[in-house]
Amino acid sequence: MTEIRNQFPLLAKTTYVNTPGSGILSKDILEWRRQHDENYFNAGSAFRINQESFHQGVKQSLADFFNANVQYTFLVPNFSFGMNTFLAGLSRSERFLLLQEDYPSVNYAVESRGFTTDYLQIDEQLEENIIAKIERFKPTVFAFSLVQYISGIKLDFDFIKQLKKQYPAILFIADGTQFCGTESFDFEASGLDFLGSSGYKWMLSGYGNGFVFLKEGVLSRLYADVPKHAMPTEPFLKGRGVLSLYFEPGHLDTLVFGTLQQSILSFQRLGMNNIENLIKKLSKKAKEAFAERDLLAPSVVERTDHSSIYNLKLNGNTYEKLSTEGVICLPRGGGIRVGFHLYNTEEDLEKILSVIDRQR
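Residue numbers (UniProt numbering): 1 to 360.
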């Protein structure tokens, strides 16, 4: 743990539990970025000669890390761009099931396009309610965040797999921004048809990078009319498919996507099983301590599996005190949101509890 924390000097002077808002960069990645820009500075346009193979390498790293098909892996600047691009390719006849108070890049992106929508309240019986709503509303698409950005509630992944088997015609579209980078994930076996994520939170890869994975089965429902039009014939676009032209228009930045690749390599060096176990162990202790103090909503307390994000029922005065004491977190959804990542410790949790207890 000391070796991990030494990579993040910010932790020496703060208790950083705002990864749900923004992850932080490691010293190794900072050095890689310095070297990258120095090479660009010295080489100019020659630095970009091999950009296509470089970005293909990033895609391969992503596909290997999440067990996705590299052919249907796309580099995007953020989840929102990937989600909007995906939605733009769907027929307006699609019917969407959404979760109430889900991230705006999910819900508003659907609502603003005029799709027929229905909503489901997030509570301790979420999975049971999803099945009931599917039977009544008959959606063709279910769009949701794997982990809710306000409450930290996480959908049961085995349940999603079962849903896909039970309703194979429904597209399951997920935002993984508050999940990817916290535990191992097998996209091909997941039951999802689309998974998108930004890299700046739990992937610890800074801003301007994200990714999208698609299943082959969704392709027939995306941009169905485009093949009727002639493809670009410019030599520099040779070999680009329709989806690549939509998800990856223009240039791709080697700095930001290289940073994403470096984050993946660092996760692999540490071992995702080790990272997952560390986070889950600390999250379990946090949930118990917060529940004892009646700081959590019943919908969180009564669910068996939860993420490492918690929304604490605390007032503004306590938030100000936490900030004064060097605890970096954010107000969200009427409470104070904290999240624990691979660089957090039990000492961080104890610091938070100490401040809270002194304020009560």
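Every residue, glycine too, gets a C-beta built ideally from N, C-alpha and C. Small disclaimer: the values here were computed from a predicted structure and weren't measured.
What would DSSP say about residue i, mapped onto helix, strand or coil?
{"i": "Pro-249", "result": "coil"}
{"i": "Asp-175", "result": "strand"}
{"i": "Tyr-16", "result": "strand"}
{"i": "Asn-67", "result": "coil"}
{"i": "Asp-158", "result": "helix"}
{"i": "residue 370", "result": "With the chain covering 1 to 360 only, the question about residue 370 has no answer from this structure."}
{"i": "Ala-143", "result": "strand"}
{"i": "residue 366", "result": "Limits of the chain in this structure are 1 at one end and 360 at the other, which puts residue 366 out of reach."}
{"i": "Asp-348", "result": "helix"}
Report yes if the CB atom of residue i is closer than 7 Å to the CB atom of residue j, and no otherwise.
{"i": "Tyr-149", "j": "Gln-121", "result": "no"}
{"i": "Ser-184", "j": "Met-272", "result": "yes"}
{"i": "Leu-342", "j": "Ala-289", "result": "no"}
{"i": "Gly-326", "j": "Asn-311", "result": "no"}
{"i": "Thr-73", "j": "Leu-62", "result": "yes"}
{"i": "Phe-81", "j": "Ser-105", "result": "no"}
{"i": "Leu-87", "j": "Phe-144", "result": "no"}
{"i": "Arg-136", "j": "Thr-116", "result": "no"}
{"i": "Asp-156", "j": "Tyr-103", "result": "no"}
{"i": "Asp-193", "j": "Lys-165", "result": "no"}
{"i": "Leu-346", "j": "Leu-75", "result": "Here residue 346 is Glu; the residue named in the question, Leu, does not match the sequence. No, the Cβ-Cβ distance between Glu-346 and Leu-75 is not below 7 Å."}
{"i": "Glu-101", "j": "Arg-303", "result": "no"}
{"i": "Gly-359", "j": "Lys-313", "result": "What sits at residue 359 in the sequence shown is Gln, not Gly. Cβ distance not < 7 Å, so Gln-359 and Lys-313 don't count as in contact."}
{"i": "Leu-330", "j": "Gly-21", "result": "yes"}
{"i": "Gly-196", "j": "Val-218", "result": "no"}
{"i": "Ser-182", "j": "Ile-279", "result": "Note that residue 182 is Thr in the sequence shown, not Ser. Yes, the pair counts as a contact, with Cβ atoms nearer than the cut-off."}
{"i": "Ala-286", "j": "Leu-349", "result": "yes"}
Assuming the contact rule is C-beta atoms closer than 8 Å, residue i and residue j should be a hit. Round their C-beta distance to whole Å, please.
{"i": "Phe-66", "j": "Phe-187", "result": "5 Å"}
{"i": "Ile-173", "j": "Pro-139", "result": "With a Cβ gap of about 11 Å, Ile-173 and Pro-139 do not count as contacting."}
{"i": "Ile-160", "j": "Ser-190", "result": "7 Å"}
{"i": "Gly-210", "j": "Ser-220", "result": "Going by Cβ atoms, the distance from Gly-210 to Ser-220 rounds to 24 Å, so no, they are not a contact pair."}
{"i": "Val-17", "j": "Phe-267", "result": "Contact doesn't hold; Cβ gap of about 20 Å is too wide."}
{"i": "Ile-356", "j": "Arg-337", "result": "The pair is not a contact, with the Cβ atoms about 14 Å apart (cut-off 8 Å)."}
{"i": "Asp-28", "j": "Gln-7", "result": "6 Å"}
Should residue i go down as buried or exposed, given a rule of 16 or more other Cβ atoms within 10 Å for buried?
{"i": "Thr-324", "result": "exposed"}
{"i": "Ser-93", "result": "exposed"}
{"i": "Tyr-108", "result": "exposed"}
{"i": "Ile-264", "result": "buried"}
{"i": "Ile-4", "result": "buried"}
{"i": "Val-70", "result": "exposed"}
{"i": "Lys-13", "result": "exposed"}
{"i": "Leu-10", "result": "exposed"}
{"i": "Val-226", "result": "exposed"}
{"i": "Ser-151", "result": "buried"}
{"i": "Thr-2", "result": "exposed"}
{"i": "Ala-68", "result": "buried"}
So, do the region 201-213 and the region 249-267 have three or more beta carbon pairs nearer to each other than 8 Å? yes
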